[in-house]
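Numbering (the numbering used here), first residue to last: 56 to 341.
For glycine and all other residues, C-beta sits at the position ideal for the given N, C-alpha and C.
Treat the numbers as computed from the prediction; the structure is a model and nothing was measured.
One structure is given below, encoded as C-alpha cells.
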Amino acid sequence: MRRDRCRLTKRVVGPEGVVRYVPDLDDFGQPKLGPVTHSYSIASAPFETLEHGYLEFYVVLEKSDDGTLGRLSSSFFDMSPPGDGKVTYVNRITGNFTLEKTASGLGSVLLVGTGTGVAPFVSMIKQLHHEASRGSVSPAQYTLLHTNRTFEELAYHQELLDIEASQRFDFVYVASVSRPTERDVRDPRLGQGRANNLLRHIFGMPVKEEEDVAAAIARGADLARAQAALAKAVAPALPRHVSRADLLKRLDPSRSMLLTCGNASSMEDIKHVADTHRIPFEKEDW
C-alpha cells in the first residue's frame, strides 16, 4: 500500500549505536513530504473479498519512544474518507505465505502471530471456518498463538474466540499478553508472556532471557543488560482452558508445521525453537 504525501523520516544512529527515526526536515524546518510504500498482509478471508468486494488490512499507528509517528501509518490515520482514500492503492498482491503452499498435507499447523503479524492467520482461520460451515472441513489441526502487549491490542480476539467455540474445525486459540494487568491475570482465556517464550514454555525450554544470561556467563561478558532483561521478562503462562500436555500432543514435530509473522526478533527466536525440535518453519517478512 502507498501514500504519496507522507511525512518523511530519516535514520539516525546515536553514540551508543542506538538507531532512531526522526522527522526529515527541509531547509525551512518543515517536514519533508513524499511517497512511502509498505507491504501489508491481508486480514480479510478470500470469501469476504468475493462476497463483499473489499480487502481488509490490520494497520496500527506506529509511534517511537520519542513520539515520532510512522511515516505511512500516520498518513492512513489522517485520511478523510471517502475522497482522500483515492490516493491509497494496492499495487500488486504477491507472496506464497498460504496454507496451500506451506502446509498442505500436514496433520498439524501451528500459527504464531505477534502484533499485526496475526493478520494473515486471521485470514486463514476465517476462511477455514467459512469452508467448514459449508461442509468442507479440513482434516488438519490448527493452533494459533496470538500475542500482543495488552489485552486492548489483541485485534480479532473475540472473533477468534467465537470461531474456537464453534468447533466447526479442529482449532485451538491461545491468546497472550506480555504486559498483563490484574484484569488479564483473572481472565481464564488469556495467557501471559511473549510469543517466543510461550512457545518455549510449551516445549519445556527456559525463556529466552534465561538463555541470554547463561550465554553471557559462558562468554565472561557483562551481565548487567542480560540480567535486567530477565528481571523484566514476564513468566510465560498458558490460558487456563489449554494445557502443555494437550498442546504437545497436537504439535508432534513429525506431523507439524510452524508458520509465524510479526516482530523480527521474536520470529528469530521462534525459528530457534522450531529448529531445536525439528519442526518445519516458515515466516512472513515485511
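Are the CB atoms of I200 and V229 nearer to each other than 9 angstroms?
Along the sequence shown, one-based indexing puts residue 200 at 145. Along the sequence shown, one-based indexing puts residue 229 at 174. The question names Ile, but residue 200 is Leu in the sequence shown. Result yes, Cβ atoms of L200 and V229 sit closer than 9 angstroms.
**Prompt:** Quick one: what does DSSP say P335 is sitting in, helix, strand or coil?
**Reply:** For this step, residue 335 is matched to residue 280 along the sequence shown. In this structure, P335 counts as coil in the three-state DSSP scheme.
Measuring CB atoms only, is the stretch 307–323 touching the stretch 153–171, in the sense that at least three cross pairs come out at less than 8 angstroms? Cβ pair count under 8 angstroms is three or more, so yes.
task = For the stretch 234–246 and the stretch 269–281, state whether three or more C-beta atom pairs, one from each stretch, are separated by less than 8 angstroms.
result = No: fewer than three Cβ pairs fall under 8 angstroms.
| query | Is the number of C-beta pairs between the stretch 296–307 and the stretch 317–328 that are closer than 8 angstroms three or more? | reply | No: fewer than three Cβ pairs fall under 8 angstroms.
**Asked** Which residues in the same chain have their Cβ closer than 6 angstroms to the Cβ of R305, if we skip the five residues on either side of it in sequence?
**Response** As a first step, residue 305 is located in the sequence shown; it is residue number 250 there, counting from the start. Within the same chain, R305 has close Cβ partners S163, Q196, T198.
### Task
Look at the alpha carbon of R223 and the alpha carbon of A284, and state the distance between them as a whole number of angstroms.
The count along the sequence shown starts at 1 and reaches residue 223 at position 168. The count along the sequence shown starts at 1 and reaches residue 284 at position 229. Whole-angstrom Cα-Cα distance: 41 angstroms.
| message | Given a cut-off of 9 angstroms on the beta-carbon distance, is the pair V177 and A98 in contact? | response | The sequence position of residue 177 within the sequence shown is 122, counting from 1. The sequence position of residue 98 within the sequence shown is 43, counting from 1. Yes, the pair counts as a contact, with Cβ atoms nearer than the cut-off.
I'd like the span of the alpha helix (DSSP H) that includes A195, first residue to last.
Residue mapping note: residue 195 aligns to position 140 of the sequence shown, counting from 1. DSSP places A195 outside any alpha helix (DSSP H), giving it a letter other than H or E.
### Option in R255, D225, T169, I180 with minimal Cα separation from P194
On the sequence shown, residue 194 is found 139 positions in, with the first residue counted as 1. Taking only the C-alpha atoms, the option nearest P194 is D225.
### Query
With C-beta atoms as the reference, is G248 less than 9 angstroms away from V289?
By 1-based counting over the sequence shown, the position of residue 248 is 193. By 1-based counting over the sequence shown, the position of residue 289 is 234. In this structure, G248 lies near V289, with their beta-carbon atoms less than 9 angstroms apart.
Suppose the cutoff is 8 angstroms on Cβ atoms and the five residues either side in sequence are ignored; what does the same chain contact list for H212 look like?
As a working note, residue 212 is residue 157 in the sequence shown. Counting only Cβ-Cβ distances below 8 angstroms, and skipping sequence neighbours, we find H201, F206, A230.
Inset, instruction - Could you check the C-alpha separation between P101 and S188 for me, to the nearest Å? - result: Position 46 of the sequence shown holds residue 101. Position 133 of the sequence shown holds residue 188. In a straight line, the C-alpha of P101 is about 15 angstroms away from that of S188.
- [ ] Pull up the distance between the alpha-carbon of I218 and that of E339, whole angstroms please.
- [x] Start at 1 with the first residue of the sequence shown, and residue 218 comes out as number 163. Start at 1 with the first residue of the sequence shown, and residue 339 comes out as number 284. When rounded, the distance between both Cα atoms is 24 angstroms.
**Study point:** Pairwise C-alpha distance: H256 and P308
**Key:** As a first step, residue 308 is located in the sequence shown; it is residue number 253 there, counting from the start. As a first step, residue 256 is located in the sequence shown; it is residue number 201 there, counting from the start. One C-alpha to the other measures close to 16 angstroms.
- Would DSSP call R310 helix, strand or coil? For this step, residue 310 is matched to residue 255 along the sequence shown. When secondary structure is reduced to three states using DSSP, R310 falls in the helix class.
Since I believe P294 is in contact with G246 (beta carbons under 8 angstroms), could you give me their beta-carbon distance rounded to a whole number of angstroms?
-> Here residue 246 corresponds to residue number 191 of the sequence shown, with the count starting at 1. Here residue 294 corresponds to residue number 239 of the sequence shown, with the count starting at 1. Confirmed, about 5 angstroms.
Under the three-state reduction of DSSP, which class applies to Q247: helix, strand or coil?
As a first step, residue 247 is located in the sequence shown; it is residue number 192 there, counting from the start. Strand.
Residues near R75 by beta carbon distance below 6 angstroms, same chain, minus five either side:
Within the sequence shown, numbered from 1, the residue matching residue 75 stands at position 20. The beta carbon of R75 sits closer than 6 angstroms to those of V67, all from its chain and outside the five residues before and after it, given in chain order.
Alpha-carbon to alpha-carbon, P261 and V142 | Within the sequence shown, numbered from 1, the residue matching residue 142 stands at position 87. Within the sequence shown, numbered from 1, the residue matching residue 261 stands at position 206. For V142, the predicted structure reports a pLDDT of 43, less than 50, and the residue's modelled location is therefore unreliable. A value from the coordinates is still provided. Near 48 angstroms, if we compare the C-alpha coordinates of P261 and V142.
From M179 to T331, what does the alpha carbon distance come to, in whole angstroms? Here residue 179 refers to the residue found at position 124 when the sequence shown is read from its first residue. Here residue 331 refers to the residue found at position 276 when the sequence shown is read from its first residue. Roughly 26 angstroms separates the two Cα atoms.
Query raised in the report: In whole angstroms, what is the alpha-carbon distance linking D81 and I325?
Result: Reading the sequence shown from its first residue, position 26 is the one you call residue 81. Reading the sequence shown from its first residue, position 270 is the one you call residue 325. Our two residues, D81 and I325, have alpha carbons roughly 42 angstroms apart in a direct line.
inquiry  = What ranges does the beta strand (DSSP E) occupy inside the stretch 158–204, keeping only unbroken runs of at least 3 residues that lie completely in it?
reply    = Here the runs fully enclosed are 163–169, 196–203.
On the three-state DSSP scale, how would you describe S96?
As a working mapping, residue 96 is identified with position 41 in the sequence shown. DSSP places S96 in the coil class of the three-state scheme, outside both helix and strand.
**Item:** Secondary structure of S231, DSSP reduced to three states
**Value:** Stepping through the sequence shown from its first residue, residue 231 is reached at position 176. Three-state DSSP puts S231 in a strand.
Assigned secondary structure, F112 (DSSP; H/G/I helix, E/B strand, else coil) = By one-based count along the sequence shown, residue 112 stands at place 57. In this structure, F112 counts as strand in the three-state DSSP scheme.
Margin query: Restricting to Cα atoms, I'd like to know which of T169, F83, P243 is closest to L209.
Written below: Here residue 209 corresponds to residue number 154 of the sequence shown, with the count starting at 1. Looking from the CA of L209, the closest CA among T169, F83, P243 belongs to T169.
Problem set entry | S233 versus K87, F83, R244, N203, residue with shortest Cα-Cα distance | Position 178 of the sequence shown, counting from 1, holds the residue named residue 233. Closest by alpha carbon: N203.
In angstroms with no decimal places, state the Cα-to-Cα distance between G172 and P78. Here the question's residue 172 lines up with position 117 in the sequence shown. Here the question's residue 78 lines up with position 23 in the sequence shown. Going by the C-alpha atoms only, they are around 26 angstroms apart.
Do you know whose CA, among V167, L216, L116, lies nearest H296's CA? The residue you call residue 296 lines up with position 241 of the sequence shown. The residue among V167, L216, L116 with its C-alpha nearest the C-alpha of H296 is L216.
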